[in-house]
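Let me begin by presenting the structure, written as structure tokens, before commenting on it.
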Amino acid sequence: MMPIVSKFRKRRIRLAAFLSVCGAAIVIGQAGDIRRVFGQEGKTANSETARDPADQNRSASQDKTRAPENSRASADPVADQDPDETKIKEPEFRRKSKSQLKRALTSIEFKVTQNADTEPAFRNRYWNNKKDGLYRCVVCGLSLFSSETKYKSGTGWPSFWAPIEEDHVGYKTDYFLFYPRTEVHCKRCSAHLGHVFDDGPTDTTGKRFCMNSAAMKFYESGKENDFDE
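Using our numbering, the letters of the sequence shown correspond one by one to residues 73 to 301.
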């Protein structure tokens, strides 16, 4: 009887050992899968920090290169401006009758622009105006001259060596003083502005656009487009 019991007990021990080994193998296999899963996730999460150092250096170099551009852009208010804001605009042209012009203009403005009169030298608004800005036609608002081309001629009238746009002024010959002179008028509304002569600055155009202050309205720099529509 005893040999049979011992033999049966040994079989149970071997079976238990076999089951223990199988269980351990299963646990180890599961642990391996878990390590593989977490290991892959960790690799994905740390992919940015594990990049090639050369790539990181290139990125840093690009950031340093871009930084000054951003700094200049924020420090330069002109670069941030909308181009349309700095562009000279022209008011809509509405032709007026003589009676409307008499009501809209002063006596000297009407005489100069409509009757080609000449205002007194040294006794007009802009002959000695040194401010930066734009001169527009007093009748229709068309831009005519810029302070950039204004110079001191010593004649007592505002003088320029060029109009702001060549096609903004027109010309014709008059014989009012019994010798030919080149009269200058607004190309859009035909308002008389003054005369042009060939005794201007030789280092520019050589022209002297001798204008009547009464024919123009001045707008300071930054307010060039503040005309009444």
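Yeah, the Cβ is synthetic: ideal placement off N, Cα and C, and Gly gets one too.
Three-state secondary structure assigned by DSSP to residue i
{"i": "Leu214", "result": "coil"}
{"i": "Thr221", "result": "helix"}
{"i": "Lys259", "result": "coil"}
{"i": "Leu173", "result": "helix"}
{"i": "Thr254", "result": "strand"}
{"i": "Ser179", "result": "helix"}
{"i": "Ser285", "result": "helix"}
{"i": "Glu237", "result": "coil"}
{"i": "Thr185", "result": "helix"}
{"i": "Tyr207", "result": "strand"}
{"i": "Tyr198", "result": "coil"}
{"i": "Thr62", "result": "Given that the chain is displayed from residue 73 to residue 301, the structure contains no residue 62 and the question cannot be resolved."}
{"i": "Phe269", "result": "strand"}
{"i": "Ser293", "result": "coil"}
{"i": "Phe299", "result": "coil"}
{"i": "Arg280", "result": "strand"}
{"i": "Phe232", "result": "strand"}
{"i": "Ala139", "result": "Interpretation of Ala139 is limited by its pLDDT of 44, a score under 50 that renders its predicted location unreliable; the figure taken from the coordinates is listed afterwards. It is helical."}
Own chain partners of residue i with C-beta closer than 7 Å, once the 5 adjacent residues on each side are dropped
{"i": "Ser218", "result": "Leu206, Ile236"}
{"i": "Thr221", "result": "Phe232, Trp233, Ala234"}
{"i": "Thr277", "result": "Trp233, Ala234"}
{"i": "Glu296", "result": "Ile160, Gly205, Leu206"}
{"i": "Gly272", "result": "Trp233, Gly278, Lys279, Arg280"}
Contacting residues, own chain, Cβ-Cβ under 6 Å from residue i (five flanking each side not counted)
{"i": "Gly228", "result": "Ala193, Phe194, Trp199"}
{"i": "Gly213", "result": "Pro163, Phe299"}
{"i": "Thr274", "result": "none"}
Inter-residue CB distance, residue i and residue j (contact presumed, cutoff 8 Å)
{"i": "Leu173", "j": "Val211", "result": "7 Å"}
{"i": "Phe281", "j": "Ser231", "result": "6 Å"}
{"i": "Asn201", "j": "Asn284", "result": "That pair is no contact at about 13 Å."}
{"i": "Ile160", "j": "Ser215", "result": "5 Å"}
{"i": "Lys168", "j": "Ala234", "result": "Wrong, their Cβ atoms sit about 28 Å apart, outside the cutoff."}
{"i": "Met288", "j": "Arg175", "result": "19 Å between Cβ atoms; not a contact."}
Contacts around residue i, its chain only, beta-carbon distance under 8 Å, and the 5 residues preceding and following it disregarded
{"i": "Asp298", "result": "Tyr291"}
{"i": "Lys203", "result": "Ser219, Phe290, Glu292, Ser293"}
{"i": "Ala188", "result": "Asp246, Phe248, Glu255, His264"}
{"i": "Pro252", "result": "Thr245, Asp246"}
Check your understanding: Does the pairing of the region 250–263 with the region 224–241 give three or more beta-carbon distances under 8 Å?
Key -> Verdict: yes, contact present.
Review point. Is there contact here, the region 261–273 with the region 176–186, by at least three beta-carbon pairs under 8 Å?
Key: Under the Cβ criterion (8 Å, minimum of three pairs), the region 261–273 counts as touching the region 176–186.
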